[in-house]
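Going by the working numbering, the first residue of the sequence shown is number 31, and it counts up by one from there.
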Amino acid sequence: MRLVFAGVFAALALRLVTVQVLSGSRYAAMGAEEVTSRIPVPGLRGGIFDRNGGVLAVSVPRSDVVADPFLIHHPAAEAAALAPVLGMSVPSVETLVSEHSGYVVLASDVASTVAKRVTALVAPGISVIPTTQRIYPAGQLGRSVIGTVNWEGQGAAGIEYQYNKLLSGQSGAKNLEVSPSGIVIPGGPTGAGGARNGTGLELTIDEPLEYVAREALAAEVRSTHAVNGTAVVMDTQTGAILAMVNVATDPTTGQVVDAPSNLASTEVYEPGSVFKIVTFSASLENHIITPTTTLTVPPYLMIDGWRFHDAESHGTEQLTATQIIARSSNIGTIEITERLGKSRLAAQINNLGFGKPTGLHFPGASPGIVNNPANWSPSAIGSTPIGQDTGVTPLQVLDAMNSVANGGVFVPPHLVRATVLPGGSVRRVKSPAAHRVMPAWVAHELAHMLEQVVRTGTGVYAAVPGYTLAGKTGTSQIPSRTQRGYVPGAYMATFTGFAPAGAPRLSAVVVLDRPDNYYGGSAAAPVFSEIMRYALHRYGIPGSPDGGTTGGVPRLIPYPPPAPAAVDTRSPRTPGTIVATTGNVTEGP
């Protein structure tokens with residue numbers, strides 16, 4: 031018997047040694063797991079700023095207050111304590127903490143002060159979970175470009191989506207000791223690690239200019255009952271986008287609101303006569319014309335059974351090439367193109383970037399629609415050079431005009447100026463490489479011809495007192511999506527140009543979709559004038575008292591820019607008239 035007891039005792043002793051000594055650490059860890067709760071700690075998403083440091087998007091620490099009703103034994107008492115802290119009614123909180131569930135969200139995205147007050151209550155079954163909230167201080171301003179995040183805090187559209195990997199922070203975790211009743215044990219060991227904030231972005235956007243452009247565009251969309259509109263302002267030499275505005279008319283309320291997408295890079299439309307800069311630049315370069323070449327312009331032309339004519343009826347006229355582009359004569363442009371030939375016109379379309387990505391790489395951006403010249407219809411020699419049959423985006427139109435302003439050099443547009451590291455240091459982003467698309471002398475001559483568009487031609491409402499501007503109007507029909515041909519009475523109005531004409535610093539484009547007052551010269555040009563007038567004053571760009579060219583060497587816009595100056599934003603305008611051809615339209619005065 032003694033031997034039996036001795037054997038049992040020895041076995042128990044051996045087991046005790048095994049548990050306490052050899053397996054002690056394992057059982058201790060198992061015990062710790064029973065009372066330890068691992069709480070995720072999110073890293074903050076990187077902020078988005080304008081070029082002057084203005085905050086466009088920022089993530090702030092917040093908390094979710096959650097309940098485990100299975101651990102709550104006195105729901106009425108806990109509801110009475112929690113309700114005033116959370117700003118909720120006692121009955122609503124009591125209903126939530128009484129649910130038959132192990133996880134109920136009582137409040138989301140609460141501030142740190144509220145989270146601390148909840149924690150101080152030491153309420154069984156109530157937990158405070160760290161999270162973040164994305165805030166856009168400027169409201170809807172620029173949201174079609176900045177974009178949004180989804181409920182998980184990940185980029186869902188725009189810049190937020192395009193640079194999601196860079197902006198996203200890295201989540202970590204912390205451990206809390208929790209009693210069996212669900213109360214966090216004060217002073218218990220905690221551990222946190224792995225959380226890392228994301229990298230921020232400094233955009234090229236200038237928030238005050240963005241606001242002015244938005245207000246000017248929205249006012250015109252509202253007054254002309256347009257479906258939507260877009261406006262883009264660019265630093266001529268660098269390609270930096272200073273403003274990119276997209277607004278639309280809400281079909282339900284009729285109110286003008288910020289568009290849900292970046293129409294400047296996603297909207298494809300037939301541009302109309304702004305496309306004539308392709309025709310004229312190619313014709314100058316191939317010595318088909320000079321600015322003073324005179325052509326005999328008849329009342330109309332027949333091409334493959336299609337009748338082409340100008341907005342205003344006229345007899346046979348003698349017009350110089352400069353007068354043709356200033357008046358936006360379809361007939362004169364087609365006559366020039368017949369000398370140029372479709373192969374050289376098609377080459378210039380490709381050369382100026384149409385049918386290709388702009389280099390902005392914005393989510394959902396379209397390269398446009400350019401027909402292979404081998405598939406052109408017999409009448410395309412008439413419709414293509416005047417801006418029909420080719421699909422472009424507003425940004426591509428601006429890129430082409432900016433190439434003229436920049437002495438024949440195509441400068442890819444960009445929206446990101448620098449990255450902002452979590453520690454606050456700023457690193458400039460390398461600008462995309464530029465390339466020449468036309469000889470400097472061609473750009474120079476074309477720029478002088480485009481001055482006459484604003485001085486005496488179809489773009490007089492784009493003028494800014496004290497400055498010489500160059501630009502081009504465009505009015506085009508909208509292709510039908512359900513049948514051949516165009517939508518009756520539906521037009522796109524465009525104006526694009528640059529200033530000052532003699533030493534370009536800023537270029538811009540304005541496009542309106544189906545405005546009542548649908549000429550580019552009377553609907554889009556006045557908006558261009560208002561935006562450019564403000565921008566020229568804001569950046570302190572000198573003009574000349576007589577409105578002549580400023581001369582001198584183009585230089586970069588000084589940043590940060592000076593404070594905005596008060597400017598007169600009134601623009602005279604008169605309704606225009608239009609004469610539609612079969613599938614082709616030109617703008618009137």
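Quick reminder that beta carbons are idealized off the backbone N, C-alpha and C, glycines included.
All values derive from a computational prediction rather than experimental measurement.
Query	Result
Could you tell me which whole beta strand (DSSP E) segments of length 3 or greater appear in the stretch 486-574?	500-509, 516-529 and 536-543
What runs of the beta strand (DSSP E), each 3 residues or longer, lie entirely inside the stretch 409-451?	446-450
From the beta carbon of Pro556, is the nearest beta carbon of chain B less than 8 Å away?	Chain labels in this structure do not include chain B; a single protein chain is all it has.
Is Pro442 closer than 8 Å to Ile364 when the C-beta atoms are compared?	no
Just the Cα atoms here: how many angstroms apart are Trp181 and Tyr548?	41 Å
How about Pro99 and His130: are their beta carbons less than 8 Å apart?	yes
CB Asp543 to CB Gly259, shorter than 8 Å?	yes
Are there three or more Cβ pairs, one per stretch, closer than 8 Å when the stretch 481-488 is compared with the stretch 329-339?	no
Per DSSP, Ala376 forms a beta bridge with which residues?	Ala376 pairs with nothing; no bridge assigned.
Mapping DSSP to helix, strand and coil, what is Glu108?	helix
For the putative contact between Val527 and Phe440, defined by C-beta atoms under 8 Å, what is the C-beta separation to the nearest angstrom?	For the record, residue 527 in the displayed sequence is Gly; it is not Val. Gly527 to Phe440, Cβ: 17 Å. No contact.
Just tell me which of Asn360, Thr367, Thr322 and Thr350 has its CA closest to the CA of Phe338.	Asn360
How far does the beta strand (DSSP E) with Gln163 in it reach, from first residue to last?	Ile156 to Ile165
At a cut-off of 7 Å, is Ile319 close to the ligand HEM when judged by its beta-carbon and the heavy atoms of the ligand?	As for the ligand HEM, it is missing from this structure, which has no ligand bound.
In the DSSP assignment, what residue or residues form a beta bridge with Leu349?	Leu325
Would you be able to state if there are at least three C-beta pairs under 8 Å between the stretch 518-525 and the stretch 286-304?	yes
Spatial neighbours of Gly76 within its chain, please: C-beta separation below 6 Å, excluding the five flanking residues on both sides.	Leu197, Gly228, Thr229 and Gly230
Can you give the Cα-Cα distance for Thr254 and Gly550, rounded to whole angstroms?	12 Å
Would you mind sorting His444 into buried or exposed? The rule is 16 or more other CB atoms within 10 Å of its CB.	buried
Please tell me whether Val96 and Leu136 are closer than 8 Å, where the distance is taken between their beta carbons.	yes
Across the stretch 365-379 and the stretch 499-508, are there enough close Cβ pairs to call them in contact, namely three or more that are closer than 8 Å?	no
Whose CA, out of Thr266, Ser413, Pro397 and Pro509, lies closest to the CA of Pro403?	Ser413
Quick check on DSSP: helix, strand or coil for Met479?	helix
Exposed or buried, Val456, counting other C-beta atoms within 10 Å across all chains shown (16 or more means buried)?	exposed
One question on the structure: do Ala168 and Gly177 come within less than 8 Å of each other, judged by their Cβ atoms?	no
Buried or exposed for Lys306, please, with buried defined as at least 16 other CB atoms from any protein chain shown within 10 angstroms of its CB.	buried
Taking the C-alpha atoms as reference points, what is the distance between Ala422 and Gly188?	Position check: residue 422 holds Val in this sequence, whereas Ala was assumed. So the two alpha carbons sit approximately 20 Å from each other.
Going by Cα to Cα distance, which pick from Ser510, Asn82, Gly83 and Ile78 is closest to Val90?	Ile78
Which of the three DSSP states is assigned to Pro469 in this structure?	coil
CA-CA distance, Met264 and Pro509?	29 Å
Evaluate contact between the stretch 285-299 and the stretch 344-359, counting only Cβ atoms and requiring at least three cross-stretch pairs below 8 Å.	no
Check whether the stretch 306-326 and the stretch 464-484 touch, using three or more Cβ-Cβ pairs below 8 Å as the test.	yes
Between the C-alpha atoms of Ile235 and Val539, what's the straight-line distance to the nearest angstrom?	15 Å
For Glu250, which residues of its own chain have a beta-carbon under 6 Å away from its beta-carbon, when the five flanking residues on both sides are left out?	Val557
When DSSP labels each residue in this structure, what does Pro91 get in the three-state scheme?	strand
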